[in-house]
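Peer 1:
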Amino acid sequence: MFIDRRLIAQFDWPLLFLSLLLPLLGLFVLYSAGYDPDLQIVPFSFEQLTIQSHVFLKQLRFLVVALFGMSLGMMTGTRTWYRFSYFLYAGCVLLLIGVLAFGAISHGSRRWLSFGSFNLQPSELVKLGVVLGMARYIAKHPPKKRFYGFRELIVPSLLFGVPMGLIFLQPDLGTALSVGAIGFAMLLFVGIRPKLLLGFSLLGIFAAVASWFWVLHDYQKRRVLVLFDPESNPRGEGWQIIQSKIAVGSGELFGKGYLQGSQTQLEFLPERTTDFVFCVLAEEWGFVGSLLVIGLFALLMYRLLRVVAKSKDLYSALVVFGIAVFLFFHVLVNLGMVVGLFPVVGLPLPLLSYGGSSLLTVMFCLGIVLGMSMRKTVFSAS
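Counted the way our numbering counts, the sequence shown spans residues 1276 to 1657.
1. When you compare only the Cα positions, how much space is there between L1579 and V1637?
2. Taking 6 Å as the limit between beta carbons, can you name the residues of its chain near V1620, skipping five residues before and five after?
3. Grab the span of the alpha helix (DSSP H) containing L1394 for me, first residue to last.
4. Okay, do the stretch 1543 to 1550 and the stretch 1512 to 1521 touch, 3+ Cβ pairs below 8 Å being the bar?
5. Just grab the DSSP bridge partners of L1471 for me.
6. If we count the other Cβ atoms within 10 Å of its Cβ and call it buried at 16 or more, is S1565 buried or exposed?
7. DSSP three-state label for L1544, please.
8. Determine, using beta carbons only, whether S1398 and R1385 come nearer to each other than 8 Å.
9. Could you tell me which whole alpha helix (DSSP H) segments of length 4 or greater appear in the stretch 1356 to 1432?
10. CA-CA distance, V1600 and L1471?
11. With distances taken from CA atoms, which of F1488, H1416 and P1446 is nearest Q1396?
12. Within 10 angstroms of its Cβ, does R1498 collect 16 or more other Cβ (buried), or is it exposed?
13. Do G1408 and L1635 count as a contact pair if the criterion is CB distance below 8 Å?
14. What would DSSP say about P1446, mapped onto helix, strand or coil?
15. Can you give me the Cβ contacts of S1389 inside the same chain, cut-off strictly under 7 Å, excluding the 5 residues immediately before and after it?
16. With 16 other CB atoms within 10 Å as the buried threshold, where does H1605 fall?
17. For G1511, verify whether its CB is less than 7 Å away from any heavy atom of the ligand GDP.
18. So what's H1492 in DSSP terms, helix, strand or just coil?
19. Is the Cβ-Cβ distance between V1552 and V1614 less than 8 Å?
20. Any idea if T1272 is buried or exposed, counting beta-carbon neighbours within 10 angstroms, 16 or more meaning buried?
21. Check whether the stretch 1566 to 1577 touches the stretch 1286 to 1303, taking contact to mean three or more Cβ pairs, one atom from each stretch, closer than 8 Å.
22. With H, G and I counted as helix, E and B as strand and the rest as coil, what does DSSP make of Q1538?
23. Smallest Cα separation from K1415: which of L1641, L1607 and L1589?
24. Return helix, strand or coil for T1351, following the three-state DSSP convention.
25. Quick one: is T1355 buried, meaning 16 or more other Cβ sit within 10 Å of its Cβ, or exposed?
26. Just the Cα atoms here: how many angstroms apart are F1331 and Q1535?
27. Quick check on the DSSP output: the alpha helix (DSSP H) that includes Q1285 runs from which residue to which?
28. Determine the DSSP secondary structure at R1650, reduced to helix, strand or coil.
29. Taking E1559 as part of the alpha helix (DSSP H), name the residues at either end of that continuous run.
30. What residues in its chain sit with their C-beta under 7 Å from that of V1465, if we drop five residues either side in the sequence?
31. Mind checking whether L1491 and P1438 have CB atoms under 8 Å apart?
32. Roughly how many whole angstroms lie between the Cα atoms of S1525 and K1496?
33. Distance, Cα to Cα, S1628 vs G1366?
34. Suppose the cutoff is 6 Å on Cβ atoms and the five residues either side in sequence are ignored; what does the same chain contact list for V1608 look like?
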């Protein structure tokens, strides 16, 4: 389990730097999101932290736990992940079933398991479970020819389709789509017969149309329709989009300055610590600061794909690729939400948004990637 000193030479230090820098930046953004200038207390003073920085302090504690999880993921060997992939996948699915049976209801959705003062969101952990489970199966059963045929696709499709359906029942459309994107991308990675790919694409279009009429709730439909005309319901579904656009646009080139965001400090911006945390950053740091953070995410994606390209076995490549897709999908959809390109589906911005389950999952995933990047010549699935 522990790291061989000979592997340190292969350690991906830039990836580690990015994995630590982004959540630290997130702490500063979350501090501003919870700051109240009307109290006239010195920022970052002991008095201010104890009175009005509840989110900042909780996220700081989450980060400490997440760093431990990251270290655990980094020290665990690839062969161990391969051996226990199915067990971890099954455990995640059981947690999803537990959520539907015993989960706490919040904002109309049943997404959490409560253990006293500790709350767990299994749908976050399931993303890693799906990546590990599918990677194990595909590595053990690669395409017999150049592409997967129909029969070969049945089992891996179920591996991400079952948790996707369970998450949709909570209901949590955004996370369900995230799991679907991860699973489909991993199948594309190993290859799908072109005719089947066309058929699945047409089936996906049909499923989307059918879902609109018979599956989606009214509030989910309104979130989509409001994209075309937010002013049609400025105090309802349009409120989030309108306020987020104002926050992003008012930051202009260099921003209003740290702790100076009017949309944030006057609490016009909804969900500013979770789904819309990027709006806080854009308002205070401006276009330049926003571009810098987006650039850091782009560098993170590049380092992940670099590990994929250098992987010597299919299992490691699939795991890292699945994690890269997971992070890319979240970043893309979250940024699209805050500028009104995508409907609000409740996907947090990785490493920046408030939330223990999300932060722990992402840091744990990055720890696994760091560990596999060191062991790229050690493991061979058989």
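We put the beta carbon where it would ideally sit given N, CA and C, even for glycine.
Peer 2: This is what the structure holds:
1. As a first step, residue 1579 is located in the sequence shown; it is residue number 304 there, counting from the start. As a first step, residue 1637 is located in the sequence shown; it is residue number 362 there, counting from the start. Roughly 13 Å separates the two Cα atoms.
2. Looking up residue 1620 in the sequence shown gives position 345. Cβ within range, chain order: L1448 and G1449.
3. Position 119 of the sequence shown, counted from the start, is the residue given in the question as residue 1394. The question names Leu, yet the displayed sequence has Asn at residue 1394. No alpha helix (DSSP H) holds N1394; the beta strand (DSSP E) holding it covers F1393 to L1395.
4. yes
5. Looking up residue 1471 in the sequence shown gives position 196. Its beta-bridge partners do not exist; DSSP assigns none.
6. Start at 1 with the first residue of the sequence shown, and residue 1565 comes out as number 290. Counting Cβ neighbours within 10 Å, S1565 comes out buried, since at least 16 surround it.
7. For the purposes of this step, residue 1544 is identified with residue 269 of the sequence shown, where counting begins at 1. Coil, per DSSP.
8. The residue given as residue 1398 occupies position 123 in the sequence shown. The residue given as residue 1385 occupies position 110 in the sequence shown. It is not a contact, given that the beta carbons lie outside the stated cut-off.
9. 1397 to 1415
10. For this step, residue 1600 is matched to residue 325 along the sequence shown. For this step, residue 1471 is matched to residue 196 along the sequence shown. The straight-line gap from Cα to Cα measures roughly 22 Å.
11. Taking the first residue of the sequence shown as position 1, residue 1396 is located at position 121. Taking only the C-alpha atoms, the option nearest Q1396 is P1446.
12. Counting from 1 along the sequence shown, the entry for residue 1498 is found at position 223. The residue in question, R1498, is buried, as its Cβ has 16 or more Cβ neighbours within 10 Å.
13. Looking up residue 1635 in the sequence shown gives position 360. Looking up residue 1408 in the sequence shown gives position 133. No, Cβ-Cβ distance for L1635 and G1408 is not below 8 Å.
14. Along the sequence shown, read from residue 1 onward, the residue named residue 1446 stands at position 171. Here P1446 sits in coil by DSSP.
15. In the sequence shown, counting from the first residue as 1, residue 1389 sits at position 114. Excluding residues within five positions, the ones whose Cβ falls inside 7 Å are A1379.
16. Residue mapping note: residue 1605 aligns to position 330 of the sequence shown, counting from 1. Looking at its Cβ environment, which holds 16 or more other Cβ atoms inside 10 Å, H1605 is buried.
17. With respect to the ligand GDP, the structure shown offers nothing to examine, as it has no ligands at all.
18. Residue numbering aside, residue 1492 sits at position 217 when the sequence shown is read from its first letter. In the structure shown, H1492 sits in coil (DSSP, three-state: anything other than H, G, I, E or B).
19. Start at 1 with the first residue of the sequence shown, and residue 1552 comes out as number 277. Start at 1 with the first residue of the sequence shown, and residue 1614 comes out as number 339. Taking 8 Å as the Cβ cut-off, V1552 and V1614 do not qualify as a contacting pair.
20. The shown model of the chain, from 1276 to 1657, leaves out residue 1272, and the question about it has no answer.
21. yes
22. Along the sequence shown, read from residue 1 onward, the residue named residue 1538 stands at position 263. Reduced to three states, the DSSP call for Q1538 is helix.
23. The count along the sequence shown starts at 1 and reaches residue 1415 at position 140. Considering only alpha carbons, the answer is L1589.
24. Working through the sequence shown from its first residue, we reach residue 1351 at position 76. Coil at T1351, not helix or strand.
25. On the sequence shown, residue 1355 is found 80 positions in, with the first residue counted as 1. Exposed, because fewer than 16 other Cβ atoms sit within 10 Å of the Cβ of T1355.
26. Within the sequence shown, the letter at position 56 stands for residue 1331. Within the sequence shown, the letter at position 260 stands for residue 1535. Going by the C-alpha atoms only, they are around 17 Å apart.
27. Position 10 of the sequence shown, counted from the start, is the residue given in the question as residue 1285. Looking at the DSSP string, Q1285 is not in any alpha helix (DSSP H), and its letter there is neither H nor E.
28. Within the sequence shown, residue 1650 is the residue found at index 375, counting from 1. In the structure shown, R1650 sits in coil (DSSP, three-state: anything other than H, G, I, E or B).
29. In the sequence shown, counting from the first residue as 1, residue 1559 sits at position 284. Here the alpha helix (DSSP H) through E1559 covers V1552 to K1585.
30. By one-based count along the sequence shown, residue 1465 stands at place 190. If we look at V1465 and ignore the five residues flanking it on each side, its Cβ neighbours are I1413, P1417, P1418 and Y1423.
31. Mapped onto the sequence shown, residue 1491 falls at position 216. Mapped onto the sequence shown, residue 1438 falls at position 163. Result no, Cβ atoms of L1491 and P1438 do not sit closer than 8 Å.
32. Translated into the one-based positions of the sequence shown, residue 1525 becomes position 250. Translated into the one-based positions of the sequence shown, residue 1496 becomes position 221. Approximately 29 Å, taken between the alpha carbons.
33. For the purposes of this step, residue 1628 is identified with residue 353 of the sequence shown, where counting begins at 1. For the purposes of this step, residue 1366 is identified with residue 91 of the sequence shown, where counting begins at 1. Roughly 26 Å between the two C-alpha positions.
34. Taking the first residue of the sequence shown as position 1, residue 1608 is located at position 333. Excluding sequence neighbours, V1608 sits near F1617 and L1622.
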